[in-house]
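278 is the number of the first residue of the sequence shown in my numbering; add one for each residue after it.
Everything on this sheet refers to the single structure shown next.
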Amino acid sequence: MSDKQNPVEEHKFWPTQPVAHDSKSGPRQILDIKKEEVAKKAIPTPVYLKFDTIDYNVQEKLQELTEYLANNYVGDSKGKSRFGYSYEFMHWWLSSQSNNISVGLRVTHTSPDLSEEQKLLIADLKEGELVGYISGVPMTYQYNSLKSVGQSVDFLCVHHALRTQNIAPLLIQEITRRSYKQGIFTAVFTAAFTAKQENPTIPRMLVSQYYHRLLNPVKLAQCKFAQKPHQMSERDFEFHYKLPYVQTTKQKNFRLSTKADSEQILSLLTSYQEQNYKVQQHFDIKLFQKMFRNIENVIQCFVYEFQGKIIGFCSFYVVDTQMLDPEINKYHKFIRNGYFYHYAVAQGQTEIDLQQMMTMLMHEMKKAKVDVCTCLDICKNRELIEKLQMDGGDGRLSYHTFNLDWGTELKHEDLGIVLV
Numbered sequence: 278m279s280d281k282q283n284p285v286e287e288h289k290f291w292p293t294q295p296v297a298h299d300s301k302s303g304p305r306q307i308l309d310i311k312k313e314e315v316a317k318k319a320i321p322t323p324v325y326l327k328f329d330t331i332d333y334n335v336q337e338k339l340q341e342l343t344e345y346l347a348n349n350y351v352g353d354s355k356g357k358s359r360f361g362y363s364y365e366f367m368h369w370w371l372s373s374q375s376n377n378i379s380v381g382l383r384v385t386h387t388s389p390d391l392s393e394e395q396k397l398l399i400a401d402l403k404e405g406e407l408v409g410y411i412s413g414v415p416m417t418y419q420y421n422s423l424k425s426v427g428q429s430v431d432f433l434c435v436h437h438a439l440r441t442q443n444i445a446p447l448l449i450q451e452i453t454r455r456s457y458k459q460g461i462f463t464a465v466f467t468a469a470f471t472a473k474q475e476n477p478t479i480p481r482m483l484v485s486q487y488y489h490r491l492l493n494p495v496k497l498a499q500c501k502f503a504q505k506p507h508q509m510s511e512r513d514f515e516f517h518y519k520l521p522y523v524q525t526t527k528q529k530n531f532r533l534s535t536k537a538d539s540e541q542i543l544s545l546l547t548s549y550q551e552q553n554y555k556v557q558q559h560f561d562i563k564l565f566q567k568m569f570r571n572i573e574n575v576i577q578c579f580v581y582e583f584q585g586k587i588i589g590f591c592s593f594y595v596v597d598t599q600m601l602d603p604e605i606n607k608y609h610k611f612i613r614n615g616y617f618y619h620y621a622v623a624q625g626q627t628e629i630d631l632q633q634m635m636t637m638l639m640h641e642m643k644k645a646k647v648d649v650c651t652c653l654d655i656c657k658n659r660e661l662i663e664k665l666q667m668d669g670g671d672g673r674l675s676y677h678t679f680n681l682d683w684g685t686e687l688k689h690e691d692l693g694i695v696l697v
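The structure is reproduced here in structure tokens:
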């Protein structure tokens, strides 16, 4: 992605939605939506499309979704790579709440009202083929004094063959309708395209940048993710990115979390969020235990225990990037990314600091065959970027709110929400 800002872009859809319409707009209050006024039926679609609920508890449906995202979700502008969320990852995220929303759009050839143009448009698509998707996971957010349950909206994806057909607004409107029916009237979401706009189509909470710490530098250079200096040998390149040594006494206190740790960790994490962030994400014990259970190649959670008390907590989740370039794919099918997730350290103690703990976390990433450690410059990550030898990437991501009082753009260190 390029850092160059795009010119002003007009958009017919977003000005109709409950988001502020320019950078001078004041804070917006939550709209008073009456559930009985919400449409009972799905919003109208073109005759060649129909909505479907993707049941992530049915193996075949989740496998279909995983393959659909692998073929159509976010990739680089040159078509050389694309995110590859695993089946296990999607099940972890989508099954975290019993009232998650999972909306698909499927092709149908059966309508007698299909025009010749529409028949041509979907000629290469099978009957019932998945061509659109969006999900929502209800989370409790606190924004200054405003606390509400909102959707974490993610995985908006339209089939590459239909991206000129204005399908994304259909998915957004349908997940909005279903959320309203559940009594959930707000949402948080991210977008890459608005991060490049000088005057964004959707007003932003902030624009964040990706940072990377190379853990497998030779492989990353071979995949053209990183560049090795010409005069440097591969051995020296590896040595340059060797992780710092961690004292043995510290390592002994650092371990995988267990379910028995949940209440201590949740108390620590909640206090840390309240002390450090204006925008916080809250968990009850049931959701915490679902979200922060250790699953190989999906999520790993660690605690730092000192004198019988947990004073540090950190976690990372794993997403592969598929290598689509045939020359690279011969040798490397994917790059494994480890992303900083939630973390916390107890205040007023000197045994462990955030830098030491996240260094130990990167050692665990390397053990888990992660090739690159990645984070956005939100939360307290800006304090870590230089200390952990992280390099700025090309990618940028905007955070947005839907039907929330947001006001002016936030400082990066004020945001405690991490979306996958």
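A virtual CB, placed ideally from N, CA and C, is assigned to each residue, including glycine.
A quick note: this is a predicted structure, and the numbers were derived from the prediction, not measured.
Taking the C-alpha atoms as reference points, what is the distance between residue i and residue j?
i	j	result
P321	L391	15 Å
V596	S363	7 Å
Q368	Q599	Correcting the residue identity first, residue 368 is His in this sequence and not Gln. Taking the straight line from one Cα to the other gives about 19 Å.
I588	S412	34 Å
F569	L533	11 Å
N574	C650	14 Å
I378	Y488	31 Å
G669	E394	45 Å
M509	E404	54 Å
K357	D602	5 Å
P586	S375	Reading off the sequence shown, one finds Lys at residue 586, where the question assumed Pro. Taking the straight line joining both Cα atoms gives about 32 Å.
K607	I562	45 Å
T441	K536	47 Å
V430	L439	21 Å
D538	Q584	14 Å
Q486	N571	27 Å
I605	R512	21 Å
K644	H517	18 Å
R359	R613	12 Å
S279	I662	Confidence is the limiting factor: at S279 the pLDDT is only 28, short of 50, which leaves the residue's position unreliable and the question unanswerable from this model.
Since I believe residue j is in contact with residue i (beta carbons under 8 Å), could you give me their beta-carbon distance rounded to a whole number of angstroms?
i	j	result
P415	V408	Actually they do not touch by this definition, with Cβ atoms about 26 Å apart.
G693	Q558	6 Å
L483	Y676	6 Å
I399	Y325	5 Å
I542	V580	6 Å
L687	A621	Not a contact, Cβ separation roughly 20 Å.
V695	W370	Going by Cβ atoms, the distance from V695 to W370 rounds to 12 Å, so no, they are not a contact pair.
D648	L492	6 Å
Y410	I331	7 Å
K527	Q633	6 Å
Quick check on this structure: which residue in the options has the alpha carbon closest to the alpha carbon of residue i?
i	options	result
H437	L423, Q459, G413, D401	D401
V556	Y350, S422, Y325, N377	S422
Q577	G585, C591, T441	C591
K657	Q552, L342, L326, V495	Q552
V435	Q340, N349, N493, A498	N349
F432	T385, K403, E344	E344
K424	K396, M639, T463, D329	T463
P477	L674, P603, E573	L674
F502	S510, D513, R490	R490
K317	I452, T471, G356, D691	I452
K646	L448, L696, F593	F593
F514	L497, R359, I572	L497
R383	Y333, F328, P521, Q624	F328
D671	E365, A469, E341	A469
K311	R512, Q633, R454, T467	R454
S548	A623, Q340, Y333, L397	A623
K610	G625, T678, A347, Y418	A347
State the DSSP-derived secondary structure class of residue i, mapped to helix, strand or coil.
i	result
R512	helix
D390	coil
A537	helix
M600	strand
D668	strand
H436	coil
D329	strand
I562	helix
T678	strand
P304	Here the model assigns P304 a pLDDT of 47, short of 50, so the residue's position is not dependable and the matter cannot be decided.
H481	First, the amino acid is wrong: residue 481 is Arg here, not His. If DSSP states are grouped into helix, strand and coil, R481 belongs with coil.
K527	helix
L492	coil
Y410	strand
I576	strand
L402	coil
K312	helix
P446	helix
L687	coil
K657	coil
Q557	strand
Shorter than 8 Å from the beta carbon of residue i to some beta carbon of chain D?
i	result
D671	Of the protein chains in this structure there is only one, and it is not chain D.
Is the beta carbon of residue i within less than 7 Å of some heavy atom of the ligand PLP?
i	result
N476	The model on display carries no ligand, and the ligand PLP is accordingly not part of it.
**Request:** Say whether the stretch 643-658 touches the stretch 615-635, bearing in mind that this needs 3 or more beta-carbon pairs closer than 8 Å, one atom from each stretch.
**Result:** Yes, the stretch 643-658 touches the stretch 615-635.
**Request:** Mind the definition here: the stretch 626-645 touches the stretch 454-461 only if three or more C-beta pairs lie below 8 Å; say whether that holds.
**Result:** These segments do not touch.
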